[in-house]
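Quick note: the sequence shown uses the working numbering, first residue 4, plus one each step.
Ideal Cβ positions, reconstructed from N, Cα and C, are used throughout, including at glycine.
Please read these numbers as outputs of a predicted model, since none were measured by experiment.
Right, one structure below, let's go through it.
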Amino acid sequence: MLALLAGGSSRSSSNNKLAESESAAQNSSTMSWGTELWDQNDNLAIHTNRGIDALDKYANFLRDRVAIETEYAGKLRRLVKNYQPKKKEEEDNEFTSMQAFRNLLKEVGDLAGQREVVSESLQLQIIAGVTLLSKTLREERKKCLSDGANLQQNLTTQLSSLDRAKRNYEKAYRDSEKAVDSYKRADMDLNLSRAEVERYKNVMTAKIQQSDDAKNEYANQLQKTNNLQQQHFSMLLPAVLNRLQELDEKRTRGFREFIVGAADVESSVAPIIARCMEGIVKAGESINEKEDTFKVIERYQSGFTPPRDIPFEDLSKCDPDSVQDSHYSNSTSNHLTIKGTMSANKLRKRVGIFNIFGSNKQRQIIEACITMKNSLTADGQKEDFSDLPPNQRRKKLQGKIAELTQSIAQETKARDGLMKMKIVYEANSSLGNPMTVEGQLNESEHKLEKLKVDLKKYQDFLEKACQVPAATSSPQASRNQLQNGHRTSRHSNGSADDHHDDGDDQPDDAGSLSSSASPESGLGTSHTSLPGSGQGSANENAIGEDTYYETEVETLNPLGTCRALYPFEASSEGSIPMSEGEELQVIEIDQGDGWTRVRRANNSNGWDEGFVPTSYIECTLYA
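Right, dumping it as structure tokens:
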């Protein structure tokens, strides 16, 4: 029942509103400014001026909004640009969270584009229309007011003429009355002659005639004034006021259309903005923490097993030589972790009487390190990635094989295309000379053969890597591992040799060194591996006096200068970062491994030295 009453009341309310709107429409159609506001010309002029000012104010509002929309869109685009993943962060793009963030940035960029569409549409459609309408209305209003002023001037002139004719008539009438009185007194005066009486009579007649003429002129002007006034207030002035009414209605109607148009512009991009919001939500929902966790494991899993328990060494039951060898092995391993780069200002070296026997050994180490350094890849890793953990090594090799396979497929297509072109040229020499394709074809064949050789080489690397047991000890666990009186030394090729303690056995220094020939090894040239620096003579210096002293490493003279062509981020030990355009000193040229050793002054009045990619710099060597 209440629902029915509520429904009935709502219907009655809507009907009342409809009736009121229809009544207002009928009243507005029958009412006009010309008839209802015939005496409010000044107020109507003020009202229309305020209306046009309101339209201009709305145009200024739209301009300010367009500026805000443009600035907002620009700031959104700068925001998206600033938070785009850097090149060094590309490896993190495999995680779902980073992929979602990239999709979020893309959707925000689309949002910025939609704000730009709103700004351009408001500028071209709404603001231009409002400006044109305002200019037109001001011109029409000025013309209407000018016409109204002319009509009012004509009416005022006619009223002035009527007032002047009335004053003339009043004066002529008084003069005629005086002339009549004078003539009557003269006619009754017996002392006056007939000629004088006749003169008063003529004056009276003339004044009466003047009075009649003034009366007729007054009557004529009065009729003209009444006619003009009636025409003015019934036809001329209402026409001007009605034109002002049409002008104001046009302004009001335009105001409505422009507001609705601006809302339509906003509504036109609303579906696209809604889709952008849906894309952002979809990007957020695509994040999978379990998948990211698995990818972290897949990326960083080394394949090593945790180190085993360290066995207890009972010194009372061990051979003294074995103990000495164990102590010697630990000291040697720790000693050989000192980096051979010249970035350190001071190095501690141990002096002993056996130092003179280390020169040949040290030359062997230098030659081995140079050989390893020349077999490095452009990113400072070994060609077979044997310096990586097993799992990471297999992944790197699989990626390299996939890259080579794709390159072979592309080069095969290019070779087939060249062969078809050569066949066509041989069949029709007018299309081209077959010999021009011969050189390209030979080059393609050579390149394809090289790619196949590289593919076979990396497939062999992968096969060997897969044959290595996954449950091997980590380098940290096997570095100083002692088992049953044997010392394990891991070589650069990943193998391990057991050395029995026979008293005269010397440690294999080349195998004990860090086997990476990347810039962090620092042992690639004779500049870094000086005689007696500690790398080649650790075994000799382990026996002898325990005296240490500080020695200054001789600063290398620069071979030239270089300028950085591209920015470089140091991602490994031994390399140093540089910015584009930076000037550096060259202290060691490229040895064929793609790395150049450079030096620059630091803020602590010292030198920073390290390796940078040769392809990233432009060198100028001294003569």
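- Around the Cβ of T51, a 10 Å sphere holds 16 or more other Cβ atoms; the residue is buried.
- Secondary structure note for W36: its alpha helix (DSSP H) is the uninterrupted segment W36 to E39.
- For R566, the enclosing beta strand (DSSP E) starts and ends at G563 to A567.
- Counted as a single uninterrupted DSSP element, the alpha helix (DSSP H) harbouring G54 occupies residues N44 to N85.
- Counting C-beta atoms within 10 angstroms of its own C-beta, G287 has fewer than 16 neighbours from the protein chains shown and is therefore classed as exposed.
- The Cβ-Cβ distance between I130 and L58 does not fall below 8 Å.
- Under the 10 Å beta carbon count, N560 is surrounded by fewer than 16 other beta carbons and is classified as exposed.
- When beta bridges are read from the DSSP output, P616 appears opposite W598.
- For I300, the enclosing alpha helix (DSSP H) stretches over residues E292 to Y303.
- Secondary structure within the stretch 172 to 225: not one fully enclosed alpha helix (DSSP H) run of 4 or more consecutive residues is present.
- With distances taken between CA atoms, D184 lies nearest to V206 out of V206, L165, E173 and K174.
- Note on geometry: alpha-carbon atoms of A70 and L391 lie some 56 Å from one another.
- Bounds of the beta strand (DSSP E) holding E586 are E586 to E591.
- The beta-bridge partner set that DSSP reports for S578 consists of F614.
- By the neighbour-count definition (other C-beta atoms within 10 Å, threshold 16), I313 is an exposed residue.
- The count of Cβ pairs closer than 8 Å, one atom from the stretch 242 to 259 and one from the stretch 35 to 50, reaches three, so the stretches are in contact.
- Burial of K403 is indicated by the presence of at least 16 other C-beta atoms within 10 angstroms of its C-beta.
- Under the Cβ criterion (8 Å, minimum of three pairs), the stretch 610 to 617 counts as touching the stretch 577 to 585.
- The beta carbons of R566 and Q588 sit about 11 Å from each other, so the pair does not count as a contact at 8 Å.
- Under a 10 Å Cβ-count criterion, F261 is classified as buried, with 16 or more other Cβ atoms of the shown protein chains found around its own Cβ.
- Shown here for I275: same chain residues with a beta carbon closer than 8 Å to its own, the five before and five after excluded, namely D113 and Q117 in chain order.
- In the three-state DSSP reduction, E621 falls in the strand class (E or B).
- Counting along the chain, K403 sits inside the alpha helix (DSSP H) bounded by residues P393 to A430.
- For K450 and K425, the gap between their C-alpha atoms comes out near 18 Å.
- Listed as beta-bridge partners of A604 by DSSP are W610.
- Linking R167 to K210 through their CA atoms gives a straight-line distance of about 18 Å.
- Closest option to L250, judged by alpha-carbon separation, among D42, A48 and P570: A48.
- Scanning its chain for C-beta atoms nearer than 8 Å, with the 5 sequence neighbours on each side dropped, one finds around E441 the residues K425, in chain order.
- Assigned with DSSP and collapsed to three states, F258 falls in helix.
- Following the DSSP letters along the chain, one finds M238 in no alpha helix (DSSP H), marked with neither H nor E.
- As DSSP reads the structure, T159 sits in no beta bridge.
- The stretch 143 to 163 makes no contact with the stretch 92 to 105, as fewer than three CB pairs between them are under 8 Å.
- At a Cβ-Cβ threshold of 8 Å, Q213 and A189 do not count as neighbours.
- DSSP places F571 in the strand class (E or B) of the three-state scheme.
- Following the DSSP letters along the chain, one finds Q102 inside the alpha helix (DSSP H) bounded by residues T99 to S124.
- Considering only T255, E269, S163 and E72, the residue with the shortest C-alpha distance to Q232 is S163.
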